[in-house]
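Q: Quick one: structure below, then a few questions.
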Amino acid sequence: MTSHLPTRQQDAIAVVGMAARLPGAPDVAGFWDSLLGTGTAIAGVPPARWDCEQIYAPPGGGPNTSYSGVGGFIDHVDCFDQRHFGIAPREAEAMDPMQRLFLQSVWSALEDAGINPRSLSGRRVGVFAGVGNAEYTSLMREARCDNDAYRATGMALTLVANRVSYALNLRGPSQIVDTACSGSLVAVHRAIEQLRLGQCELAVAGGISLMLSPELHVAFSQAGMLSTSGRCRPFDADADGYVRGEGVGVVVLKRLDDALRDGDYIHARVLASAENHGGRAHSLTAPSFRGQADVLACAWQAAGPAVQQLAHIETHGTGTPLGDPIEIAGLGEALRLSRAADAQCAPAGTLHLGALKGRIGHLEAAAGIAGFIKSVLALRHRLIPGNPAFTQANPQLELAGTPLHIVGEPLPWPGDAQCRVAGVSSFGFGGVNAHVVLQSHDAPATPDAGAREAEIVLLSARDEDGLFARAAQLLDYLHPGAHPQVLCALHRLSGGAGENAGMPDLDASWQALGIDAARLASRVAALADALGLDPAGIDLRDCLCWSDVVCAFSAVLPPPDTGTPRLSARASVSRRVAAPSLRSVAASLFLGREVQARRLAIACDSFSDLAAQLAQVLTARTAGARAVLALGAKDPGLALSPPDWHDADALADWLRGCAAFSSMGDALALRYERCAGQPRVPMPTLPFRLDRVWFKARDDVPARPLASEGGGAPPREWPVALLCEPWTARLRTPPARLPTVLPWPAHCGAPFARDGVAFGSVAWGAGAAAQARLVAHCDDTGLAYRAGAAMAGVLRVARVGTAAPLRAVPDAEPHALLDGGLAHWQSDARMRCRGERFDVVIDFSAMAAPTGDDAMLWTHWNVAFAEALQWLFRDCAGDATLLPFRAARVVWAGAPGPVQKIRVRFDALRARAEAWAWSGGRLVLQVDELEVRAAPWLQPASDAPGMTTSLAGAAS
Numbered sequence: 001m002t003s004h005l006p007t008r009q010q011d012a013i014a015v016v017g018m019a020a021r022l023p024g025a026p027d028v029a030g031f032w033d034s035l036l037g038t039g040t041a042i043a044g045v046p047p048a049r050w051d052c053e054q055i056y057a058p059p060g061g062g063p064n065t066s067y068s069g070v071g072g073f074i075d076h077v078d079c080f081d082q083r084h085f086g087i088a089p090r091e092a093e094a095m096d097p098m099q100r101l102f103l104q105s106v107w108s109a110l111e112d113a114g115i116n117p118r119s120l121s122g123r124r125v126g127v128f129a130g131v132g133n134a135e136y137t138s139l140m141r142e143a144r145c146d147n148d149a150y151r152a153t154g155m156a157l158t159l160v161a162n163r164v165s166y167a168l169n170l171r172g173p174s175q176i177v178d179t180a181c182s183g184s185l186v187a188v189h190r191a192i193e194q195l196r197l198g199q200c201e202l203a204v205a206g207g208i209s210l211m212l213s214p215e216l217h218v219a220f221s222q223a224g225m226l227s228t229s230g231r232c233r234p235f236d237a238d239a240d241g242y243v244r245g246e247g248v249g250v251v252v253l254k255r256l257d258d259a260l261r262d263g264d265y266i267h268a269r270v271l272a273s274a275e276n277h278g279g280r281a282h283s284l285t286a287p288s289f290r291g292q293a294d295v296l297a298c299a300w301q302a303a304g305p306a307v308q309q310l311a312h313i314e315t316h317g318t319g320t321p322l323g324d325p326i327e328i329a330g331l332g333e334a335l336r337l338s339r340a341a342d343a344q345c346a347p348a349g350t351l352h353l354g355a356l357k358g359r360i361g362h363l364e365a366a367a368g369i370a371g372f373i374k375s376v377l378a379l380r381h382r383l384i385p386g387n388p389a390f391t392q393a394n395p396q397l398e399l400a401g402t403p404l405h406i407v408g409e410p411l412p413w414p415g416d417a418q419c420r421v422a423g424v425s426s427f428g429f430g431g432v433n434a435h436v437v438l439q440s441h442d443a444p445a446t447p448d449a450g451a452r453e454a455e456i457v458l459l460s461a462r463d464e465d466g467l468f469a470r471a472a473q474l475l476d477y478l479h480p481g482a483h484p485q486v487l488c489a490l491h492r493l494s495g496g497a498g499e500n501a502g503m504p505d506l507d508a509s510w511q512a513l514g515i516d517a518a519r520l521a522s523r524v525a526a527l528a529d530a531l532g533l534d535p536a537g538i539d540l541r542d543c544l545c546w547s548d549v550v551c552a553f554s555a556v557l558p559p560p561d562t563g564t565p566r567l568s569a570r571a572s573v574s575r576r577v578a579a580p581s582l583r584s585v586a587a588s589l590f591l592g593r594e595v596q597a598r599r600l601a602i603a604c605d606s607f608s609d610l611a612a613q614l615a616q617v618l619t620a621r622t623a624g625a626r627a628v629l630a631l632g633a634k635d636p637g638l639a640l641s642p643p644d645w646h647d648a649d650a651l652a653d654w655l656r657g658c659a660a661f662s663s664m665g666d667a668l669a670l671r672y673e674r675c676a677g678q679p680r681v682p683m684p685t686l687p688f689r690l691d692r693v694w695f696k697a698r699d700d701v702p703a704r705p706l707a708s709e710g711g712g713a714p715p716r717e718w719p720v721a722l723l724c725e726p727w728t729a730r731l732r733t734p735p736a737r738l739p740t741v742l743p744w745p746a747h748c749g750a751p752f753a754r755d756g757v758a759f760g761s762v763a764w765g766a767g768a769a770a771q772a773r774l775v776a777h778c779d780d781t782g783l784a785y786r787a788g789a790a791m792a793g794v795l796r797v798a799r800v801g802t803a804a805p806l807r808a809v810p811d812a813e814p815h816a817l818l819d820g821g822l823a824h825w826q827s828d829a830r831m832r833c834r835g836e837r838f839d840v841v842i843d844f845s846a847m848a849a850p851t852g853d854d855a856m857l858w859t860h861w862n863v864a865f866a867e868a869l870q871w872l873f874r875d876c877a878g879d880a881t882l883l884p885f886r887a888a889r890v891v892w893a894g895a896p897g898p899v900q901k902i903r904v905r906f907d908a909l910r911a912r913a914e915a916w917a918w919s920g921g922r923l924v925l926q927v928d929e930l931e932v933r934a935a936p937w938l939q940p941a942s943d944a945p946g947m948t949t950s951l952a953g954a955a956s
């Protein structure tokens, strides 16, 4: 067993950067958002991966079959920004996607750490990657791809780590770790070892696992490891196996003293880590509780007295009947061993157990790094996320007499909030175990810099689209959800009124700005008029500042054009949490990013001023009054010194005299490399192009779904915004807060829309936003679709399914209408309880028919269907908004007109619903096996009168 004892501060390790792409979360920020929800990211196998129907059989159904058709999947595994890394197309196609995605994630993690990856060239930087199965190679072999010179490097697992070292010219250790499920956490442990031994000055560590082929799915089904119910329930009485998942995660590690010296943003500290093998157990793949206990006790002893504050352990928690009881027994034994060795280095309070696999599945080689990042986020936010899959403890768990508590609901961090300590466990099915002890790091408050100075914010990219994507990222960081057109309109109106000599402070309260209700109503009305919107249809009751108003108006505008599709990641720490100064933001963007050919420089003296300048650039594609936009200028520049940094206008004049930015770069380096007391902060990372890169199968070989996805007609894309219309005014849930609910037949093409279409295996992501887009790949026989909320070019919440022409029109309503006929949609839907069945029939004929294009009819049906769900569960859902989670089938019998009536029937024993809807006197919609879940983050708006209610009335 190996471990390290941090006897001095310089032995502690700092986590200074993070990046992740996990099921249901395209970035670290999205991962934390998902952890706050009550849903899971488990969904049906995407049609682009493999055909579940061809291999499906119930348990015991014979060889070469699988009873599991679900998993935790990530998007865009077939995409790679090869241009950014200078990799030739043929070489990129031969590269295993694990190499590509890990390389991009390392770049993102370094940028998150405020480090320009190119600046590490020639330095002793280590790369440690937990990896598993190379399924891309088997797919290429099956497709009989040409065996060229790139095949050897493309298929080599060692290149997952080695290619990063080569691409960035890193001279430290570079190794992969293949210990199965514990690989990525063992990689973190070995990176810590090398840092403490002085073998490297900086280390990137993590892991990746992808599910590209059904072979392992079949093998694990045959072994009985996978859940027969399709749900992973760690430590629960109903646990019946795990659900597979995929993803990638990377962290940047540095000696704590070095991180403090360099002004890095420190996400958390690593106190200790340990690794061992469990020795001989009941079988080769059976876990050893003694081995697990030993590795935990070793890490706890190495962590020292601080481990007494240990309050949370992110467990391995697979949800298997064998593994869960052994892990609980191992935890109990670890407590006994550590107390016997040294009670001062043993946990002293209750240990709250988390289990991430219940949300995203078992990520196998990437499981440990996912749990590590989750624990870092929990330490920072002082909150232990809940386990939505846990309801009742497995009676086989030996919990009595132990301080172990399985977390169900989210839990504020217990005990001493100033010294928060967490542990992360990961156990490989070959017997290799790892455990890491983490401690919170709360940075001291940054001293007031005194008089406010102007700054120069520099953005750059390889091409014009990339530059504008960077600008959109930064605007979203400053004001999430803000539409550039709204900010531009507000800036023009504020400048004309002379308020604060331009853009007002968007985050300041109305009281701080000296704005009363009448004055604000006038401003809101003027803003709506400038945008051509009706303020009466926009919910402004909860708006406490201009930022809230901007988001409310932005929600009803079509999303801005994002240009080339890109994988855009938000900052791992939001601006509200990090609370950076403007200088910290400017310094982080200058020092932590590669300066490329296309550049945008903005002189600004506040975040609101910066947002206004960015909005101008994004709206008009031209620079504003204080910005300089240079798309590849090559002039030598002028040897000018910057003027007084207190005057943004003077700085802007100086920028325009700097021509190609050479003298400006020298001035920024002089300013920001010496900005003592202004630590770096996490900022949005490089928006990689989503260029499809995949091998080409031989013409005589039937292609796998992923190999053929890019063939044929290009994907079609439609806006599916939920617009505010007069007929939505009486809804319990405001339209801006409703999700996109139904897959829409018109998006399948004219033949499908006319004759009908059946959508199968429909799964909705949690928290779908009102502004969404749908992308579909369609041919003569069917359609694969995916929809979700787009922000800076990436689908943040997605659903996946298949569609095919309808073969038979649904029968008439299979059950008689409830006695008493139909109720009025605006007042009281008629409810009836039949034992364990609940029915509701709602008449929507009183709702005004939608006018306009197909998008309005889509909105009309979405709002009606969502409202029917709210009425069905109005007596048991409380304040939560109920959203669809998944359905076996959604059938449209031809293109519908306005909705006439909807019936929903819920079977409480099976926790499933069925729904039917009529239009024009005929049944047009049938939904089978609908699972509904509560979304507490979507709250019905309060009807209580208040300041903003009167504002809305005055503005109208």
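Sequential numbering from 1 applies to the sequence shown in this note's numbering.
Cβ coordinates follow ideal geometry from the N, Cα and C atoms, glycine included.
All figures in this text were calculated on a predicted structure; none of them were measured in a lab.
1. Do Ala303 and Val424 have their C-beta atoms within less than 7 Å of each other?
2. So Met140 is in the beta strand (DSSP E); what residue range does that whole segment cover?
3. What number of angstroms, rounded off, separates the C-alpha of Ala20 from the C-alpha of Tyr67?
4. Since Arg889 and Asp839 are thought to touch, with beta carbons under 8 Å apart, how far apart are those beta carbons, to the nearest angstrom?
5. Which residue marks the beginning of the alpha helix (DSSP H) containing Arg336, and which one marks its end?
6. Leaving out the 5 sequence neighbours to the left and right, which residues in its chain are closer than 8 Å to Gly965 when beta-carbon positions are compared?
7. For the region 161 to 205, which segments carrying the beta strand (DSSP E) assignment without a break, of at least 3 residues, lie completely within its bounds, in sequence order?
8. Identify whether Met975 lies in helix, strand or coil by the three-state DSSP scheme.
9. Indicate the three-state DSSP secondary structure (helix, strand or coil) for Val595 in the structure shown.
10. Out of Val556, Ser509, Leu513 and Leu544, state which residue places its alpha-carbon closest to the alpha-carbon of Gly532.
11. Output needed for Val899: all residues of its chain with C-beta closer than 7 Å, excluding positions within five of it in sequence on either side, in chain order.
12. Tell me whether Cys145 is buried or exposed, calling it buried when 16 or more other Cβ atoms sit within 10 Å of its Cβ.
13. Which residues in the same chain as Glu275 place their Cβ atom closer than 6 Å to its Cβ, once the five residues preceding and following it in sequence are excluded?
14. Find the nearest neighbour of Tyr265 within the set Ser229, Arg575 and Asp653, judged by alpha-carbon distance.
15. Look at the alpha carbon of Ala389 and the alpha carbon of Ala41, and state the distance between them as a whole number of angstroms.
16. Taking the Cβ atom as the reference point for each residue, do Pro684 and Tyr477 lie within a distance shorter than 7 Å?
17. Suppose contacts are defined by Cβ-Cβ distances below 7 Å. Is Ala191 in contact with Leu253 by that definition?
18. What is the DSSP secondary structure of Lys696, reduced to helix, strand or coil?
19. May I ask you to list the residues that DSSP assigns as paired with Gly401?
20. How should Thr228 be labelled, buried or exposed, when 16 other C-beta atoms within 10 angstroms of its C-beta is the threshold for buried?
21. Which whole-angstrom value is the C-beta distance of Val376 and Met95, which I expect to be below 8 Å?
22. Note the first and the last residue of the continuous alpha helix (DSSP H) segment covering Gln308.
23. What does DSSP give as the partner residues of Arg566 in its beta bridges?
24. How many Å lie between Gly358 and His441 at the Cα?
25. Quick check: what's the CA-CA separation for Ile115 versus Gln596?
26. Determine contact between the region 150 to 164 and the region 128 to 138, defined as no fewer than three beta-carbon pairs at a distance below 8 Å.
27. In whole angstroms, give me the CA-to-CA distance for Arg90 and Val70.
28. With DSSP as the reference, identify every bridge partner of Ala508, one or two as the case may be.
29. Since Gly245 sits in a beta bridge, which residues does DSSP pair it with?
30. Across the region 306 to 326 and the region 339 to 359, are there enough close Cβ pairs to call them in contact, namely three or more that are closer than 8 Å?
31. Which one of Val45, Asp75 and Cys545 has the shortest CA to CA distance from Ala25?
32. What residues are listed by DSSP as bridge partners for Phe129?
33. In whole angstroms, what separates the C-alpha of Ala262 from that of Gly198?
34. Identify whether Pro59 lies in helix, strand or coil by the three-state DSSP scheme.
35. So, are the CB atoms of Thr179 and Gly428 less than 7 Å apart?
36. Check for me: the alpha helix (DSSP H) holding Phe102 runs from which residue to which?
A: On the basis of the coordinates in this document:
1. Within the sequence shown, the letter at position 303 stands for residue 303. Within the sequence shown, the letter at position 424 stands for residue 424. No, Cβ-Cβ distance for Ala303 and Val424 is not below 7 Å.
2. The sequence position of residue 140 within the sequence shown is 140, counting from 1. Segment Glu135 to Glu142 is the alpha helix (DSSP H) holding Met140; no beta strand (DSSP E) there.
3. Residue mapping note: residue 20 aligns to position 20 of the sequence shown, counting from 1. Residue mapping note: residue 67 aligns to position 67 of the sequence shown, counting from 1. Taking the straight line joining both Cα atoms gives about 30 Å.
4. Here residue 889 refers to the residue found at position 889 of the sequence shown. Here residue 839 refers to the residue found at position 839 of the sequence shown. Between Asp839 and Arg889 the Cβ distance is about 20 Å, and since that is not below 8 Å, they are no contact.
5. Walking along the sequence shown from the start, residue 336 turns up at place 336. Gly323 to Ala341 is the extent of the alpha helix (DSSP H) around Arg336.
6. Since the first residue shown for the chain is 1 and the last is 956, residue 965 is missing from the structure and cannot be characterised.
7. 174 to 177
8. The question about residue 975 has no answer, for the chain in this structure spans 1 to 956.
9. Counting from one through the sequence shown, the residue named residue 595 turns up at place 595. Correct three-state label for Val595: coil.
10. In the sequence shown, residue 532 corresponds to position 532, counting from 1. Gly532 has its Cα closest to that of Val556, out of Val556, Ser509, Leu513 and Leu544.
11. Sequence index remark: in the sequence shown, residue 899 carries index 899 (1-based). For Val899, where only same-chain residues beyond five positions count, the Cβ hits under 7 Å are Phe844, His860, Trp861, Ala864, Ala917 and Ser919.
12. Taking the first residue of the sequence shown as 1, we reach residue 145 at position 145. It is buried - the Cβ of Cys145 has at least 16 other Cβ atoms within 10 Å.
13. For this step, residue 275 is matched to residue 275 along the sequence shown. The answer, listed in chain order, is Thr2, Val186, His189 and Ala434.
14. For the purposes of this step, residue 265 is identified with residue 265 of the sequence shown, where counting begins at 1. Nearest C-alpha to Tyr265: Arg575.
15. Your numbering for residue 389 matches position 389 in the sequence shown. Your numbering for residue 41 matches position 41 in the sequence shown. Answer to the nearest angstrom: the Cα atoms are 12 Å apart.
16. Your numbering for residue 684 matches position 684 in the sequence shown. Your numbering for residue 477 matches position 477 in the sequence shown. In contact: Pro684 and Tyr477 (Cβ atoms closer than 7 Å).
17. Counted from its first residue, the sequence shown places residue 191 at position 191. Counted from its first residue, the sequence shown places residue 253 at position 253. Contact flag set, yes.
18. Counting from one through the sequence shown, the residue named residue 696 turns up at place 696. The answer is coil: DSSP assigns Lys696 none of H, G, I, E or B.
19. On the sequence shown, position 401 is the one that residue 401 refers to. None, per the DSSP bridge assignment.
20. For the purposes of this step, residue 228 is identified with residue 228 of the sequence shown, where counting begins at 1. With fewer than 16 other Cβ atoms within 10 Å, it is exposed.
21. Mapped onto the sequence shown, residue 376 falls at position 376. Mapped onto the sequence shown, residue 95 falls at position 95. At roughly 29 Å, the Cβ-Cβ gap does not stay under 8 Å, so Val376 and Met95 are not in contact.
22. Here residue 308 is taken as the residue at index 308 of the sequence shown, counted from 1. Taken as a continuous stretch (DSSP letters only), Gln308 belongs to no alpha helix (DSSP H), as it is neither H nor E.
23. Working through the sequence shown from its first residue, we reach residue 566 at position 566. According to DSSP, Arg566 bridges with Arg689.
24. Counting from one through the sequence shown, the residue named residue 358 turns up at place 358. Counting from one through the sequence shown, the residue named residue 441 turns up at place 441. C-alpha separation (whole angstroms): 28 Å.
25. Translated into positions along the sequence shown, residue 115 becomes position 115. Translated into positions along the sequence shown, residue 596 becomes position 596. Rounded to whole angstroms, Ile115 to Gln596 spans 15 Å at the Cα level.
26. yes
27. Indexing the sequence shown from 1 puts residue 90 at position 90. Indexing the sequence shown from 1 puts residue 70 at position 70. About 33 Å.
28. Along the sequence shown, one-based indexing puts residue 508 at 508. Bridge partners of Ala508: none, in fact.
29. The count along the sequence shown starts at 1 and reaches residue 245 at position 245. DSSP lists Gly72 as partners of Gly245.
30. yes
31. For the purposes of this step, residue 25 is taken as the residue at position 25 of the sequence shown. Considering only alpha carbons, the answer is Asp75.
32. Residue numbering aside, residue 129 sits at position 129 when the sequence shown is read from its first letter. The question names Phe, but residue 129 in the sequence shown is Ala. Answer is Ile176 and Gly206, bridged to Ala129.
33. Within the sequence shown, the letter at position 262 stands for residue 262. Within the sequence shown, the letter at position 198 stands for residue 198. In the sequence under discussion, the amino acid at residue 262 is Asp, which differs from the Ala named in the question. Near 18 Å, if we compare the C-alpha coordinates of Gly198 and Asp262.
34. Against the sequence shown, residue 59 aligns to sequence position 59. Coil, per DSSP.
35. Translated into positions along the sequence shown, residue 179 becomes position 179. Translated into positions along the sequence shown, residue 428 becomes position 428. It is a contact, given that the beta carbons lie within the stated cut-off.
36. As a position in the sequence shown, residue 102 is number 102, starting the count at 1. Its alpha helix (DSSP H) spans residues Pro97 to Asp112.
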